[in-house]
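K.L.:
Here the sequence shown stands for residues 1 to 184, where the numbers follow the numbering used here.
Note that beta-carbon positions come from the ideal geometry of N, C-alpha and C, so glycine has one too.
From a predicted model like this one, the values you see are computed outputs, not experimental measurements.
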Amino acid sequence: VEAGGQLKGGAPGVWALGLRNPWRYSFDSKTGDLWIGDVGQDSFEEVDAIPAKQLEHGPNPNFGWRLREGFAKFDDSGVTGPGTRTEPVLDYGHKDGCSVTGGIVYRGTQLPKLDGFYVFADFCSDQLRFLAADGVPGSKQSRGSLTYSEQKGVPQVNSFGRIKGDELLVTTTQGGVYQLVGAS
1 VEAGGQLKGG APGVWALGLR NPWRYSFDSK TGDLWIGDVG QDSFEEVDAI
51 PAKQLEHGPN PNFGWRLREG FAKFDDSGVT GPGTRTEPVL DYGHKDGCSV
101 TGGIVYRGTQ LPKLDGFYVF ADFCSDQLRF LAADGVPGSK QSRGSLTYSE
151 QKGVPQVNSF GRIKGDELLV TTTQGGVYQL VGAS
């Protein structure tokens with residue numbers, strides 16, 4: 001990494017390579033880790049994460065697009081480029097969705113069972129998805145042991161946001177703005 005955070009061998013201002021179509025990113029308000037929803041092309045959607053320490057000190061990530069889509073080989077005819085190859089935290093096939101919408105690690109108090117879970121969605125389903133945030137690359141948790149579940153009822157999610165107290169908002173293409181709250 002050159003002065004100013006530029007990736008060696010990259011264009012000015014380039015910090016990371018290999019994202020195909022990052023659709024929403026957020027920082028975990030507790031840890032500072034960066035979470036990214038990256039829309040795939042043919043077969044897989046992926047969730048990527050970079051620990052806060054790596055954000056500050058490097059190495060700069062290369063998420064691998066076009067060589068890989070999620071964990072799968074995509075097109076190995078290209079050059080990998082500079083940066084440290086960074087595997088996704090999670091990928092899922094198009095039988096389970098078509099376009100990931102990156103979310104937020106929940107740190108609010110209204111839903112204590114979700115504390116520390118990355119909440120995200122897929123545009124082509126009405127499911128909110130939950131992933132244990134300790135699946136960040138470099139943690140002790142492997143891909144096979146990630147906690148992942150779904151909750152139905154919110155169609156065509158296009159973004160997430162936070163309000164006071166780190167509570168979660170979800171927006172949809174139909175103009176809906178929803179706040180996640182506990183059962184009454």
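Indicate whether the contact test is met: 3 or more Cβ pairs, each with one atom in the stretch 99–116 and one in the stretch 22–41, closer than 8 Å.
P.N.:
As far as the Cβ criterion goes, the stretch 99–116 touches the stretch 22–41, which means the pair count is three or higher.
K.L.:
Could you pull the start and end residues of the alpha helix (DSSP H) that Leu55 belongs to?
P.N.:
Note, Leu55: alpha helix (DSSP H), Ala52 to His57.
K.L.:
Taking the Cβ atom as the reference point for each residue, do Leu34 and Asn62 lie within a distance shorter than 8 Å?
P.N.:
No, these two residues do not count as a Cβ contact at 8 Å.
K.L.:
How should Pro112 be labelled, buried or exposed, when 16 other C-beta atoms within 10 angstroms of its C-beta is the threshold for buried?
P.N.:
Its Cβ having fewer than 16 others within 10 Å, Pro112 is exposed.
K.L.:
Indicate the three-state DSSP secondary structure (helix, strand or coil) for Lys73 in the structure shown.
P.N.:
Reduced to three states, the DSSP call for Lys73 is strand.
K.L.:
For Leu111, name the three-state secondary structure that DSSP assigns.
P.N.:
Coil.
K.L.:
Taking Cβ positions, are Gly93 and Ser43 nearer each other than 8 Å?
P.N.:
In contact: Gly93 and Ser43 (Cβ atoms closer than 8 Å).
K.L.:
How would you call Phe71, buried or exposed, if buried means at least 16 neighbouring beta carbons within 10 angstroms?
P.N.:
Flag for Phe71 reads exposed.
K.L.:
Report the three-state DSSP secondary structure of Ala133 (helix, strand or coil).
P.N.:
Correct three-state label for Ala133: helix.
K.L.:
First and last residue of the beta strand (DSSP E) that includes Gly175?
P.N.:
First-last for Gly175: undefined, no H or E at that position.
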